[in-house]
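Enquirer: Got a structure for you, written out below as C-alpha cells; questions coming shortly.
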C-alpha cells in the first residue's frame, strides 16, 4: 500500500505548481501535500504515484475545458504559473520609477488637503459660500467610488496605459480647477480629478509590484505609502503658501508639471507588463467587469458620503433628504453585496478573496487606521488655532511632529519587513502605539505644554508609520497573481472610506459637545454664533475675557473628536491579531506579481 507519509516518497509526490488565480480556465488549485494525504487516507484503493500526478493534471484540464465553454464562468485570469520572472529594473531606472510613483501619489493625496486653506479666497472670488462643502466632497466622492473599478481595470487591461489614463484624468481635472471661471466649473474639475486620483493610488502600488521583487518591496512601498501621510499634513501649509504668495489657482496648477514628470518616466522607463490573459470576447469581458455591481456600488458610496457630509450641518439628521440618502445607500449596498455573492469570481470583489483571513482583517485594520489618522490630521490644526491661538500656517507647522513620526517610522517599518520578512508584528506594534498616542492626545487641555503635545503626536505618528503599509504587504503575500490588483484596491478603499466616514462622525461629536461647552464656559454667548463664525473669526470678534472660556470650550469639544480617533486606533488591534503570520521572503516571486 502506498504510504503518503513515507519520507522517501516526498520528492515524488510533489505536484506541479498551479496558483489559485482568478482564472480557473488556466490554472487549477495548488493543493498541498497535506491535501493529498487526506485524499489518500479516505480512498478505499490507493492509486499509483503516476495516477496521482497524471490524474491531477487531467482533472485540471477537464475543469478548464468545462469553464471555458461557459462565457459567464470565472475567467478573471493571468497565467502566473507560466510567466517568466520579470527582469526588474535596477539602479537609476528603478529610482526614477519609484520617484515618479511617489510624486503622483503625493499630488493625488495633496489635492484632498491643500484646498482647505484656499477655500476663503475661492469663495471671495466666486461669491460661493454655499458651495464650500462641494469643493472637498466632489473630489472625495469620485475617488472613493472609482477605486474598486480601477482594481478591475488593472486586472484585465493594460496596467501602464490605464495608469497613464488615470494621470491624464487627474491632470485634466486640475487644469479645469486652475482655470475655472466659476464655482460650478471648479466643482466639475474636482470631480474629474477625483476619478483620476482613484486610479493613481491603486495603479502606483500595482506598478511597484512589477518593479521590485516581493522580498525587497516593503521598503519601497513605505516610500510610496508615506506620501499619503506627508501630503495630508503638508497640504494646508502649501495651500496657504500658494494662496498668500501667488494665487489659490496654483493649488491645482502645481499638479500639471509634477504629473508631466510622472507620465514621462512611466512612458519611457516602465514597460507594460506582459501577462498571459486569456483572450475573451467583449461579452465575457463585460460580464467579468461586473457592470451591475459597479453601478450599484458607486451611488451607494456617494449617497453615504453625502449623508455624512450634510447630516447635522446643512440638514437635520431627521430631514427627508438625509433619510432618503441613507435609505438609497442601504438598498444599493445590500444589492451590491447580493450581486457579489451571486457573481462569485466575476464580482467586483469576489467573495473568495474577501473571505481570506488576511484580506478582511487587513481591510478592517486599514479602515480604522485611516479613520484615526485622518481625524487627527483634520482636528489637530483646529485645536492649535482655537485653543493655542496659532495661525493657519503655524498650526500646520505644529502638526509636523506627527508627520515626522509617520514618515520616519513608515520607512523604518519598511526596512524591518524587508530584513526580517514578517509584517504582522509591526501591525500589532502600530496598533499599540496609535492607541496610546491618540488616547494621550484626547487629554489635551489649553495649558498642555509644548513638550507634551509634541511628544504625544510623535507616539501616534510612530504607530501610524509602523502600521500604514502593512495591510498592502499582507494582501500581496496571501493573494494569487491575478487577485493582487483587487486586493490592493480593497485596502486603499478601506483606508479612504474609513477616514471619510469617521471625520464626519468626529465632526458630529465635536459640534454637539461644543454647544454644551460654550453654554458652560461662556454662558452669555449663543453657541450657534460660535459655530457659524468659525475658528478664526470667533477669536477675533470676542472680548479678551471671553477668549479663555472659548478656548476651554473648544478644547473640551475637540477632545471628543480625538476620543473617536483613539477608539478607532484601539480597534485596529482586532485586525492585526487576525492577520496571518507570513513572510514576504517565503512566497514564490512569480506568485507575487499582480
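Numbering (UniProt numbering), first residue to last: 1 to 594.
Here a beta-carbon is modelled for each residue, glycine too, at the ideal position from N, C-alpha and C.
So if DSSP puts residue 311 in a beta bridge, which residue, or which two residues, is it bridged to?
Expert: On the chain shown, position 311 is the one that residue 311 refers to. Partner(s): 315.
Enquirer: Please classify residue 338 as buried or exposed, where buried requires at least 16 neighbouring CB atoms within 10 angstroms.
Expert: Taking the chain shown and counting its residues from 1, the one referred to as residue 338 is at position 338. Residue 338 should be labelled exposed.
Enquirer: Label residue 344 either buried or exposed according to how many other C-beta atoms from any shown protein chain fall within 10 Å of its C-beta, with 16 as the threshold for buried.
Expert: For the purposes of this step, residue 344 is taken as residue 344 along the chain shown, with counting starting at 1. By the neighbour-count rule (16 or more Cβ atoms within 10 Å), residue 344 is not buried but exposed.
Enquirer: Please determine, among 396, 121 and 476, the residue with the shortest C-alpha to C-alpha distance to residue 358.
Expert: Taking the first residue of the chain shown as position 1, residue 358 is located at position 358. Among 396, 121 and 476, the Cα nearest to that of residue 358 is on 476.
Enquirer: Exposed or buried, what is residue 460 when buried is set at 16 or more other beta-carbons lying within 10 Å of its beta-carbon?
Expert: For the purposes of this step, residue 460 is identified with residue 460 of the chain shown, where counting begins at 1. Classification of residue 460: buried, given that the 10 Å Cβ count is 16 or more.
Enquirer: I'd like to know if residue 245 contacts chain B, where contact means its C-beta is closer than 8 Å to some C-beta of that chain.
Expert: In the displayed structure, chain B is absent; only one protein chain is listed.
Enquirer: For residue 583, list the residues DSSP reports as bridge partners.
Expert: As a working note, residue 583 is residue 583 in the chain shown. DSSP output for residue 583 lists 422 as bridge partner(s).
Enquirer: Assuming residue 302 and residue 145 make a contact with CB atoms under 8 Å, what is their CB distance in whole Å?
Expert: Taking the first residue of the chain shown as position 1, residue 302 is located at position 302. Taking the first residue of the chain shown as position 1, residue 145 is located at position 145. For a cut-off of 8 Å, the C-beta gap from residue 302 to residue 145 is around 6 Å, short enough to register as a contact.
Enquirer: At 4 residues or longer, what runs of the alpha helix (DSSP H) sit wholly inside the region 123 to 183?
Expert: 132 to 156 and 159 to 178
Enquirer: Cβ atoms of residue 379 and residue 558: under 8 Å apart, would you say?
Expert: Start at 1 with the first residue of the chain shown, and residue 558 comes out as number 558. Start at 1 with the first residue of the chain shown, and residue 379 comes out as number 379. Their beta carbons are under 8 Å apart, which means residue 558 touches residue 379 by this criterion.
Enquirer: Does residue 249 pass the burial test, meaning 16 or more other C-beta atoms within 10 Å, or should it be called exposed?
Expert: Residue numbering aside, residue 249 sits at position 249 when the chain shown is read from its first letter. Per the 10 Å Cβ criterion, buried.
Enquirer: Can you tell me where the alpha helix (DSSP H) holding residue 568 begins and where it ends?
Expert: In the chain shown, the residue the question calls residue 568 occupies position 568. Run containing residue 568: 544 to 578, per the alpha helix (DSSP H) assignment.
Enquirer: Between residue 578 and the rest of its own chain, which residues show a CB-CB distance below 7 Å, the 5 nearest in sequence each way excluded?
Expert: By one-based count along the chain shown, residue 578 stands at place 578. Correct list, in chain order: 357 and 361.
Enquirer: Tell me the DSSP secondary structure of residue 216 in three-state form.
Expert: For the purposes of this step, residue 216 is taken as residue 216 along the chain shown, with counting starting at 1. Helix at residue 216.
Enquirer: DSSP three-state call for residue 49: helix, strand or coil?
Expert: In the chain shown, the residue the question calls residue 49 occupies position 49. For residue 49, the predicted model reports a pLDDT of 32, less than 50, meaning its position is unreliable; a value from the coordinates is still stated below. Residue state, collapsed to three classes: helix.
Enquirer: Going by beta carbon distance, what residues of the same chain come within less than 7 Å of residue 597, once the five residues before and after it are set aside?
Expert: Past the boundaries of the shown model lies residue 597; the chain is included only from 1 to 594, so the question cannot be answered.
Enquirer: At the level of alpha carbons, what is the spacing between residue 518 and residue 384?
Expert: As a first step, residue 518 must be located in the chain shown, where it is residue number 518. As a first step, residue 384 must be located in the chain shown, where it is residue number 384. Cα-Cα distance, rounded: 18 Å.
Enquirer: Measuring alpha carbon to alpha carbon, tell me which of 493, 320, 564 and 333 ends up nearest residue 440.
Expert: Locating residue 440 in the chain shown gives position 440, where the first residue counts as 1. Of 493, 320, 564 and 333, the residue nearest in Cα terms is 564.
Enquirer: Which residue spans inside the region 186 to 256 form an unbroken alpha helix (DSSP H) run of at least 4?
Expert: Counting whole runs of 4 or more residues, the region 186 to 256 contains the alpha helix (DSSP H) stretches 217 to 245 and 250 to 253.
Enquirer: Compute the distance between the beta-carbons of residue 341 and residue 213, then report whether it is under 8 Å.
Expert: As a first step, residue 341 is located in the chain shown; it is residue number 341 there, counting from the start. As a first step, residue 213 is located in the chain shown; it is residue number 213 there, counting from the start. Not a contact, by the Cβ cut-off of 8 Å.
Enquirer: Would residue 176 pass as a contact of residue 197 if the rule is Cβ separation under 8 Å?
Expert: Counting from one through the chain shown, the residue named residue 176 turns up at place 176. Counting from one through the chain shown, the residue named residue 197 turns up at place 197. Not closer than 8 Å, so no.
Enquirer: Which residues in the same chain as residue 491 place their Cβ atom closer than 7 Å to its Cβ, once the five residues preceding and following it in sequence are excluded?
Expert: Position 491 of the chain shown, counted from the first residue, corresponds to residue 491. Excluding sequence neighbours, residue 491 sits near 362, 363, 366, 471, 472 and 475.
Enquirer: Cutting at 6 Å between CB atoms, please list the residues of its own chain near residue 84, excluding the five before and the five after it.
Expert: Position 84 of the chain shown holds residue 84. Low confidence applies to residue 84: its pLDDT is 46, below 50, so where it sits in the model is not reliable, and the reading given next is rough at best. No residues qualify anywhere along the chain.
Enquirer: Whether or not the region 407 to 424 and the region 265 to 272 are in contact is what I'm after, with contact meaning three or more pairs of Cβ atoms, one per stretch, closer than 8 Å; do they touch?
Expert: Contact fails: fewer than three Cβ-Cβ distances are below 8 Å.
Enquirer: Is the Cβ-Cβ distance between residue 371 and residue 568 less than 8 Å?
Expert: On the chain shown, residue 371 is found 371 positions in, with the first residue counted as 1. On the chain shown, residue 568 is found 568 positions in, with the first residue counted as 1. The answer is yes: Cβ separation under 8 Å.
Enquirer: Within the continuous alpha helix (DSSP H) that includes residue 493, where are the two ends?
Expert: On the chain shown, position 493 is the one that residue 493 refers to. Start and end: 484 to 521.
Enquirer: At the level of alpha carbons, what is the spacing between residue 505 and residue 210?
Expert: On the chain shown, position 505 is the one that residue 505 refers to. On the chain shown, position 210 is the one that residue 210 refers to. Taking the straight line joining both Cα atoms gives about 38 Å.
Enquirer: Output the distance between the C-alpha atoms of residue 562 and residue 513, rounded to the nearest integer angstrom.
Expert: Start at 1 with the first residue of the chain shown, and residue 562 comes out as number 562. Start at 1 with the first residue of the chain shown, and residue 513 comes out as number 513. Their backbone Cα atoms lie some 12 Å apart in a straight line.
Enquirer: Between the beta-carbon of residue 553 and the beta-carbon of residue 584, is there less than 8 Å?
Expert: Translated into the one-based positions of the chain shown, residue 553 becomes position 553. Translated into the one-based positions of the chain shown, residue 584 becomes position 584. Not in contact: residue 553 and residue 584 (Cβ atoms no closer than 8 Å).
Enquirer: Is the region 145 to 162 close to the region 219 to 230, with three or more CB pairs under 8 Å?
Expert: no
Enquirer: Which of the three DSSP states is assigned to residue 300 in this structure?
Expert: Position 300 of the chain shown, counted from the start, is the residue given in the question as residue 300. Three-state DSSP puts residue 300 in a helix.
Enquirer: Report the rounded CA-to-CA distance for residue 208 versus residue 516, giving the unit in angstroms.
Expert: Translated into the one-based positions of the chain shown, residue 208 becomes position 208. Translated into the one-based positions of the chain shown, residue 516 becomes position 516. So the alpha carbons of these two residues sit roughly 50 Å apart.
Enquirer: Does the beta-carbon of residue 391 have 16 or more other beta-carbons within 10 angstroms, so that it is buried, or is it exposed?
Expert: Here residue 391 is taken as the residue at index 391 of the chain shown, counted from 1. Exposed is the call here.
Enquirer: Taking all protein chains shown into account, decide if residue 427 is buried (16 or more other Cβ within 10 angstroms of its Cβ) or exposed.
Expert: Here residue 427 corresponds to residue number 427 of the chain shown, with the count starting at 1. Buried.
Enquirer: Any contact between the region 113 to 122 and the region 227 to 246? By contact I mean 3 or more CB pairs, one from each, below 8 Å.
Expert: Three or more Cβ pairs closer than 8 Å define a contact, and the region 113 to 122 meets that threshold against the region 227 to 246.
Enquirer: Pick helix, strand or coil for residue 442, following the three-state DSSP scheme.
Expert: Translated into positions along the chain shown, residue 442 becomes position 442. In this structure, residue 442 counts as coil in the three-state DSSP scheme.
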